[in-house]
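Per the numbering used here, the sequence shown starts with residue 16, numbered consecutively. Glycine included, C-beta positions come from ideal geometry on N, C-alpha and C. Since we're looking at a predicted model, the values are computed, not measured. Shown next, in C-alpha cells, is the structure this report addresses.
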Amino acid sequence: MKIEALSRRRYTPNPTPIQRLEKLSKHLGGPEIWIKRDDLTGLAGGGNKTRKLEFLVADALRQDADTLITVGAVQSNHCRLTLAAAAHEGLKCRLVLEQRVAGSYRKDASGNNFLFELLGAESITVVDGGTDLNAAMNAEAEKLKALG
Numbered sequence: 016m017k018i019e020a021l022s023r024r025r026y027t028p029n030p031t032p033i034q035r036l037e038k039l040s041k042h043l044g045g046p047e048i049w050i051k052r053d054d055l056t057g058l059a060g061g062g063n064k065t066r067k068l069e070f071l072v073a074d075a076l077r078q079d080a081d082t083l084i085t086v087g088a089v090q091s092n093h094c095r096l097t098l099a100a101a102a103h104e105g106l107k108c109r110l111v112l113e114q115r116v117a118g119s120y121r122k123d124a125s126g127n128n129f130l131f132e133l134l135g136a137e138s139i140t141v142v143d144g145g146t147d148l149n150a151a152m153n154a155e156a157e158k159l160k161a162l163g
C-alpha cells in the first residue's frame, strides 16, 4: 500500500529543515554533523512522533472515535504529542503510563507530567514496569465502553 492512499491529518506544515552543526563538527575535528530539526514539527514542542500521529489520528477520526488512548513512560513525549493532537482535533485522551522505576511517577512533577494536565488528559493510569501495556490499554477502552 502506498502512503498516499492512507488518511492523514497534517500537523507539520512544512518539511523540517536539516541544520549543520558547525561548532560541534569543528570540536570533533572531522565529520560534518547535521541534525534534522524535528523540534519544529508543530505539535506541543514537536518531535518525530508527530509524523506517525498524522496517520493514527486520521484513522481514529475515520472510525468516529471520540477518545484516544495511548501508552508510554511517565515522561513520554509520545503521550504529550498524542494529547496535543487530541486537543487539536477536539478529542478526549486517556494515558496509560508505565512507571519503569518504582516510585518514579509524581503527579506534581514538571516536564511532560505537567503538560499532560495542561493539555487536558481525561485520565492518567499509572502501571508498574513490565505490565502488559496492550492489556492495560484495552482495560481503559473497556472502562470507556462501560460508561457508554
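- The alpha carbon of valine 111 has as its nearest neighbour, out of Thr85, Leu134 and Gln34, the alpha carbon of Thr85.
- Around the C-beta of alanine 59, 16 or more other C-beta atoms lie within 10 Å, and the residue is accordingly described as buried.
- Between the alpha carbons of glutamate 157 and arginine 109 lies a distance of about 12 Å.
- Counting the other CB atoms within 10 Å of its CB gives lysine 41 a total below 16, which places it among the exposed residues.
- Membership of serine 138 in the beta strand (DSSP E) is indicated by the continuous run 138-143.
- Beyond the five residues adjoining it in sequence on each side, alanine 99 comes within less than 7 Å, by CB distance, of Leu58, Ala59 and Leu134 in the same chain, given in chain order.
- Of all alpha-carbon atoms in Asp74, Tyr26 and Gly145, the one lying nearest the alpha-carbon of aspartate 53 is that of Tyr26.
- Here leucine 106 really is in contact with threonine 82; their C-beta atoms are around 6 Å apart, less than 8 Å.
- In this structure, DSSP gives lysine 38 a helical state, which the three-state scheme calls helix.
- Residue range 148-162 is occupied by the alpha helix (DSSP H) that includes alanine 150, with no beta strand (DSSP E) assigned at that position.
- Counting the other Cβ atoms within 10 Å of the Cβ of leucine 21 gives fewer than 16, which makes it exposed.
- In this structure, isoleucine 48 lies away from leucine 55, with their beta-carbon atoms at least 8 Å apart.
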